[in-house]
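Following the working numbering, the numbering of the sequence shown begins with 4 at its first residue and continues without gaps. First the structure, in the form of structure tokens, and then the observations on it.
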Amino acid sequence: MAFFSGRGWKAFKHNRRAYWSLIILGMILFFSLIAEIIANDRPLAVKYGNELRFPIFKNYLETDFGGDFPTSVDYKDPLVVENINKNGWMIFPIIPYSFNTVDYDLTVPTPSAPDKNHWLGTDDEGRDVLARILYGLRLSLAFAFLLTLLSSIIGILAGAIQGYMGGKVDIIMQRFLEIWESLPQLFILIIVASIFVPGFWTLLIIMLFFSWTSLVGVVRAEFLRVRNFEFVKAAKVLGVSDTRIIWRHILPNALVATITFIPFIMSEAIVALTALDFLGLGLGHEYPSLGDLVRQGKDNLQSPWIGISIFIVLSGCLSMLIFIGEGIRDAFDSRRAH
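What follows is the structure, given as structure tokens:
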């Protein structure tokens, strides 16, 4: 494929916005993947007696650190802290709060303003905003990636069948798409959300029902164009199967057009998830949701650090995805690949 050739990569790097957006977004993705090491209410490592323990990877009981009860350890409990300090030491992450950690030691009403303990302040429940953003980015990017991957596979397959077969198959599938795309998606999501408890996989499947149509038109047009080329006709005369013709001869040409749309589909998926969480139709309260932070920014206008933080994060990520999409488009454009 042209993008992975030296010429395509050179054209992508020539677009400085796209190149640096890819680097910055890659760094954001990396830090979000190791969120437990950066932001956690459990220590990274604990030396207790002669044993070195890693609470971020394993659950320990209070009795393991000299406590009285066989319950999960609260590493900020004064008794636990005193026992560990007497018999060793512990190292906390740079942000000693997880996305769902409530800071009961706050001396000011919530939402609290940014300070040395909470760099971006807390939300109205006393949870660290920066930790929720870090975990929320990982959730949103993972959701968008899976939704884009699955919807692209279904959309490319449907478009390939529709464009290659043509005739009645094309007409029937085109009428079905027109009806399907005219359905009121938001109302259907509201109905489904009222019946099922929204979870990560439940919401992913529900949104997949409507997002798979994004690439059908592009793939269909490419197959309708290429299927009448001489090399396709020659392959049919030689007895090559339709599956092999689609997979080996036409699909690579269609992928060139579809790959340029993938960053835009990912950005739409992030916006859709954020919007549903904002409306209360998305993920539950136990998830670190960016949409929940947007809602809290709206409900707490007297605490502008929440709204400003989530606005910068969302607008920055979406803008970088768009810039990357533009860079990939330029890389596939033979007139610019120089």
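Using N, Cα and C, we set each Cβ at its ideal position, and we do this for glycine too.
Where residue i falls, given that 16 or more other Cβ within 10 Å makes a residue buried
i	result
A334	buried
L186	exposed
H121	buried
I249	buried
M4	In this prediction, M4 scores a pLDDT of 49, lower than 50, which makes its location untrustworthy; no coordinate-derived value is stated.
I327	buried
P81	exposed
I315	exposed
W215	buried
G283	exposed
P307	exposed
Y107	exposed
N18	buried
F190	exposed
S197	exposed
S24	buried
Rounded distance between the beta-carbons of residue j and residue i, thought under 8 Å
i	j	result
R56	P291	Contact flag wrong, Cβ pair sits at about 26 Å.
I59	I40	7 Å
V49	I87	6 Å
D131	Y100	4 Å
Beta bridge counterpart(s) of residue i as assigned by DSSP
i	result
K171	Bridge partners of K171: none, in fact.
S75	L64
R130	V105
G91	Y51
T125	D131
I98	A42
R56	V49
Proximity of residue i and residue j at Cβ, strictly below 8 Å
i	j	result
L293	F146	no
L352	G166	One cannot answer for residue 352 here, as it falls past the ends of the chain, which runs 4 to 341.
S155	L218	yes
L137	F72	no
L153	L206	no
P117	N303	no
G330	A21	yes
E85	T74	no
L149	I31	no
I209	V195	yes
V297	I311	no
L211	L279	no
N90	G29	no
F68	V83	yes
key: Cβ contact check for the region 151–164 and the region 115–130: 3 or more pairs under 8 Å   = Judged by pairs of C-beta atoms under 8 Å, the region 151–164 does not touch the region 115–130, as fewer than three such pairs exist.
Discussion item. Contact between the region 88–106 and the region 43–54 is defined here as three or more beta-carbon pairs at a separation below 8 Å; is this criterion met?
Written reply: yes
### Message
For the structure I just gave you, are there three or more beta carbon pairs, one from the region 174–182 and one from the region 235–251, closer than 8 Å?
### Response
no
- [ ] Mind the definition here: the region 314–326 touches the region 264–272 only if three or more C-beta pairs lie below 8 Å; say whether that holds.
- [x] yes
**OP:** Give a yes or no on contact between the region 164–175 and the region 221–230, applying the rule of three or more CB pairs nearer than 8 Å.
**Re:** Between the region 164–175 and the region 221–230, the count of C-beta pairs closer than 8 Å reaches three or more; the two stretches touch.
Quick one: any contact between the region 272–286 and the region 138–157, if contact means 3 or more CB pairs under 8 Å? Yes, since at least three Cβ pairs between the region 272–286 and the region 138–157 fall closer than 8 Å, the two stretches touch.
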